[in-house]
Each structure stands twice: as C-alpha cells, then as structure tokens.
Amino acid sequence: MTPAPGDEARALVASIGRWDGRPLTFMEVCGTHTMAAARAGLRSLLPPKVRLVSGPGCPVCVTPVGYVDHAIALAARPEITLVTFGDLVRVPGSRRDLEAPAPTLARAKARGADVRVAYSPLEALAIARAEPAREVVFLGVGFETTAPTIAAVVIAAAAEGLANVSVLGAHKTMPEAMALLAASSELTIDGFLCPGHVSIVTGPEVYAPLADRFHKPCVIAGFEPVEILRGVDALVRQAAAGRAFVENAYPGAVRAGGNPRARAVQDEVFEPCDASWRGLGVIPGSGLAMRDRFARFDAARRFDVRLPAPREPRGCRCGDVLRGAIDPTECALFGTSCTPDTPDGACMVSGEGSCAARWQNLEIGP
Amino acid sequence: MRVVAIDGATARVESAGVSLSVSLALVDDVAVGDHVIVHAGFAITVLSPEEARETLAIFARLGEA
Numbered sequence: 001m002t003p004a005p006g007d008e009a010r011a012l013v014a015s016i017g018r019w020d021g022r023p024l025t026f027m028e029v030c031g032t033h034t035m036a037a038a039r040a041g042l043r044s045l046l047p048p049k050v051r052l053v054s055g056p057g058c059p060v061c062v063t064p065v066g067y068v069d070h071a072i073a074l075a076a077r078p079e080i081t082l083v084t085f086g087d088l089v090r091v092p093g094s095r096r097d098l099e100a101p102a103p104t105l106a107r108a109k110a111r112g113a114d115v116r117v118a119y120s121p122l123e124a125l126a127i128a129r130a131e132p133a134r135e136v137v138f139l140g141v142g143f144e145t146t147a148p149t150i151a152a153v154v155i156a157a158a159a160e161g162l163a164n165v166s167v168l169g170a171h172k173t174m175p176e177a178m179a180l181l182a183a184s185s186e187l188t189i190d191g192f193l194c195p196g197h198v199s200i201v202t203g204p205e206v207y208a209p210l211a212d213r214f215h216k217p218c219v220i221a222g223f224e225p226v227e228i229l230r231g232v233d234a235l236v237r238q239a240a241a242g243r244a245f246v247e248n249a250y251p252g253a254v255r256a257g258g259n260p261r262a263r264a265v266q267d268e269v270f271e272p273c274d275a276s277w278r279g280l281g282v283i284p285g286s287g288l289a290m291r292d293r294f295a296r297f298d299a300a301r302r303f304d305v306r307l308p309a310p311r312e313p314r315g316c317r318c319g320d321v322l323r324g325a326i327d328p329t330e331c332a333l334f335g336t337s338c339t340p341d342t343p344d345g346a347c348m349v350s351g352e353g354s355c356a357a358r359w360q361n362l363e364i365g366p
Numbered sequence: 001m002r003v004v005a006i007d008g009a010t011a012r013v014e015s016a017g018v019s020l021s022v023s024l025a026l027v028d029d030v031a032v033g034d035h036v037i038v039h040a041g042f043a044i045t046v047l048s049p050e051e052a053r054e055t056l057a058i059f060a061r062l063g064e065a
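Note that the protein sequences, when read in sequence, are chains E and X. By this note's numbering, the letter at position 189 of the first sequence is numbered 189, and the numbering carries on one by one without gaps. By this note's numbering, the letter at position 34 of the second sequence is numbered 34, and the numbering carries on one by one without gaps.
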C-alpha cells in the first residue's frame with residue numbers, strides 16, 4: 001500500500017529529494033516511528049542519499065534475554081499470576097534444550113502457567129483486588145512514556161494497601177542510549193528523529209546534550225507519515241546548514257518541560273540505575289529501579305528466583321539491528337528460520353521491532 | 001481521543017467510535033471536550049486545540065483513503 005500523501009507530504013518528499021550533498025543517515029529511536037514508517041513505505045520515498053535507520057526504540061526488543069528468563073521463572077510459580085503487555089509473551093528466553101523450541105511466556109501459558117495479557121498496568125491492580133489469593137506480577141517494560149504509568153499503579157497499590165501486587169521492572173530511559181550511539185564509531189549518525197511519546201513526558205530539553213556535545217541534529221516528530229516526513233525534512237535542513245539543535249516538530253503534544261506531573265509520579269517510585277540493553281550492553285544511568293520504600297512492590301526482591309546465565313538465541317543479530325549496524329535483511333536468520341510466525345529474536349516478535357517492520361514492508365513491497 | 005466525561009481521577013474518552021476509560025493520574029487540568037493522548041490506559045498529555053484539529057484532519061483523510 002502506498003501512502004496517499006496530501007500536498008504537504010508531496011512537497012516534503014520533493015524537498016528531501018533535492019538533497020544532493022553527502023549521504024545522510026538519520027536514526028529513529030521510537031518503535032511507533034518504526035512501524036509507521038514501514039506501513040507507509042516511507043523509506044522508498046527517500047532519496048538514495050538520505051537513509052533512515054531504526055535504533056533501540058522498541059522496548060521489548062531492547063529488553064535482555066535474562067529478563068525474559070526471569071519472567072518465565074516467575075510464571076512457573078503456582079501462586080503467581082503474570083500480567084504483561086502482549087508483545088512480551090512471544091519473546092524467546094534462553095534456549096537450553098536445542099531439541100525443543102525456545103521457552104516463551106506463551107509456551108509457559110500453554111503448559112498451565114497463569115499468564116494474562118493486558119493493555120494497561122491498571123489491569124494488574126484490578127486482578128489483584130478481585131483475586132486476593134493470587135500474587136499478581138506485572139512486567140514493567142518500557143521507556144519514559146510507560147514508566148510513569150507503572151509508577152502510578154504502584155502508588156495506587158500502596159495507597160490501597162494492596163499486598164499481592166508487584167512489578168518486575170526493566171524500565172529504560174532513552175537519552176543515555178542515544179548518547180552511546182552518537183559517540184559510536186560503528187555507525188555515523190547524522191541526526192536523530194526523536195520519539196514523540198517519550199518527549200511528551202521528558203520535554204525536548206533531554207536531547208540538548210546530543211545536539212550540543214555530539215553535534216547531532218535532533219528533531220521530535222509525531223507519528224503520521226506526513227509528521228515523520230516533516231521531521232526528516234527538518235533533519236536534512238539542519239545537516240545542510242551544518243547546524244545541530246533540538247527542534248520540536250510535534251509542538252501541540254510536546255511542550256517545553258514535558259509533563260512534569262508524570263515525571264514527579266515516576267520520580268516518587270523510581271530512581272536511576274544502570275541498565276542492560278540487548279545489543280548495547282550495560283549503559284550507566286539508563287534504567288529505573290524501584291526506590292527502597294517501595295521494595296515490597298518489586299517482584300525481583302519479593303520472589304527469590306535462581307536463574308542460570310542467559311543465552312542469546314544462536315545466530316540472532318538483534319543486537320546489531322538495534323544499534324543500526326546492520327539492516328535486518330543482513331541477518332542470516334531473517335526470513336529463513338526467523339519470521340513473525342516463528343521469531344528467533346525479539347526484533348521479529350514485536351510489531352515495533354525493526355525486523356518485523358522490515359518483514360511487513362517487504363511483503364507489502366516498496 | 002476526546003474527553004466526554006470525567007469522574008474523579010478517571011475519564012471516559014472517545015475516538016472514531018471507540019470508547020475507553022482512562023486514568024487522569026498523570027495530567028493536570030483536563031476538561032470535558034479536551035483531546036488527550038492515551039498510553040497504556042493513562043492520559044499522558046492534553047493536546048493543544050491546533051494539534052487536536054490537525055490530528056482529526058489526518059484521521060478524516062485516512063477515513064477517505
């Protein structure tokens with residue numbers, strides 16, 4: 001399906017298409033941008049000298065395999081009801097028996113574990129209230145947009161005195177990962193298309209170090225194809241002018257200072273910690289840990305689970321894909337053993353994953 | 001999505017025939033008739049009227065496509 005761009009979209013495509021300087025590589029770091037760009041076939045509208053690569057913007061994809069193992073181990077306990085966003089249930093954990101399919105929460109559920117898919121963490125609260133004999137564990141995965149929602153649920157549980165709900169957290173914050181990629185010699189990034197929803201919470205200010213210290217143009221964009229094109233056009237203009245600053249191309253939703261109330265809720269429950277990202281390793285200060293006074297809501301502290309060392313799926317290059325170092329099609333598993341129906345790696349599972357988006361895009365055709 | 005009713009810290013929001021109950025725990029100063037962006041069951045921001053108009057216009061165009 002080709003997009004049906006209005007006059008503005010056509011004008012933007014033409015404007016971007018006029019770029020004839022050095023090749024430019026821009027990175028989007030937002031799963032929703034990945035999906036929207038793939039659906040609309042946006043890459044095929046860009047000229048050869050403007051390349052848009054996907055970075056570590058899919059929360060499920062950057063969550064390391066050890067976390068999936070931890071979740072599967074919790075789900076195996078008979079007293080636990082595991083509540084999760086849908087994408088996570090099909091992400092493979094460490095495969096120890098090479099004769100058997102990789103373990104997933106979906107397979108655990110098929111074998112009788114109580115795993116429930118939810119759209120909102122509020123559903124975990126409702127289940128905990130309705131079923132006081134169950135230990136309800138929510139899988140808290142996501143970036144700055146999701147962390148405040150989890151924090152609000154923890155605050156509500158504490159206020160209600162709910163004793164049977166907890167969170168297995170793997171929250172991450174984006175600017176630290178972007179800084180790592182900006183400084184990388186593996187891939188020269190000429191600018192970032194910054195995530196719209198994350199920026200609603202953080203405000204545009206968090207990207208200032210990327211522009212100031214690393215001289216990377218940063219443009220916050222919305223999610224409609226025309227809004228993404230506006231973002232890319234703004235990036236090309238900054239690069240053409242040799243400038244690097246933070247530009248808000250999603251001004252109706254993203255305001256200076258972000259959403260201070262959401263951040264206050266988040267800060268009440270969480271504090272920064274080092275976090276492990278699939279493909280990027282441990283990035284200092286890029287995660288959120290539950291503060292000690294909420295320790296009883298931290299499933300990692302509440303339940304003692306022994307986990308063997310994690311093992312990434314053999315041959316899977318999710319890590320390289322997440323750094324933008326390779327295109328998904330360069331992975332030997334892509335489209336052979338690894339498809340959306342039989343994913344080997346997390347990037348093929350989630351609709352926001354680069355591999356799943358690329359697959360969908362190839363099926364649709366350029 | 002457009003806020004059609006507010007009951008304490010919860011709002012009913014609607015968009016294109018879909019109706020949802022969302023928490024207002026993460027936003028200040030929401031009124032009936034405002035447009036909000038919803039994430040995981042929470043309103044995370046109130047859109048400016050201009051942005052709301054533009055988003056609705058995009059939806060309308062998608063509806064025609």
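We put the CB at the ideal spot given by N, CA and C, even for glycine.
| Check | Outcome |
| --- | --- |
| Whole-angstrom distance between L122/E and V269/E, CA atom to CA atom | 16 Å |
| Chain A within 7 Å of I200/E, Cβ atoms only | The structure shown has no chain A; the protein chains it does contain are E and X. |
| E135/E burial status per 10 Å Cβ neighbour count (16 or more: buried) | buried |
| Chain X contact residues for P328/E, given Cβ-Cβ distances below 9 Å | Here the premise fails: no neighbours, minimum Cβ distance about 26 Å. |
| CB contact check: A40/X to chain E, cutoff 7 Å | yes |
| Separation of V282/E from T34/E, as counted between CA atoms | 24 Å |
| Separation of V46/X from G252/E, as counted between CA atoms | 9 Å |
| Within-7 Å CB hit, G63/X to chain E | Any reading at G63/X must be qualified, since the residue scores a pLDDT of 46, below 50, and its modelled position is unreliable; the value itself is stated next. No, G63/X does not count as interfacial toward chain E. |
| Contact with chain X by A152/E, beta-carbon distance below 7 Å | yes |
| Extent of the continuous beta strand (DSSP E) run through L10/X | Here residue 10/X is Thr; the residue named in the question, Leu, does not match the sequence. 10–15 is the extent of the beta strand (DSSP E) around T10/X. |
| Touch test, the segment 297–316 of chain E against the segment 81–97 of chain E, Cβ-Cβ under 8 Å, three pairs minimum | yes |
| Residue interval of the beta strand (DSSP E) (run including L139/E) | 135–142 |
| Within 7 Å, strictly: CB atoms of V13/E and L42/E | no |
| Segment contact flag, the segment 259–276 of chain E with the segment 242–251 of chain E, C-beta cutoff 8 Å, min 3 pairs | no |
| 7 Å Cβ cutoff, S120/E in contact with chain X | yes |
| D20/E to A240/E span [Cα, whole Å] | 10 Å |
| CB contact check: S19/X to chain E, cutoff 7 Å | no |
| Nearest candidate by alpha-carbon position, reference P260/E, set L210/E, G279/E, D298/E, E205/E | E205/E |
| Rounded separation between D298/E and L322/E - CA only | 28 Å |
| Through-space distance from Q360/E to L15/X, alpha-carbon basis | The residue you asked about is not Leu; residue 15/X is Ser in the sequence shown. Roughly 27 Å separates the two Cα atoms. |
| Inter-residue spacing [alpha-carbon to alpha-carbon] between T32/E and F223/E | 7 Å |
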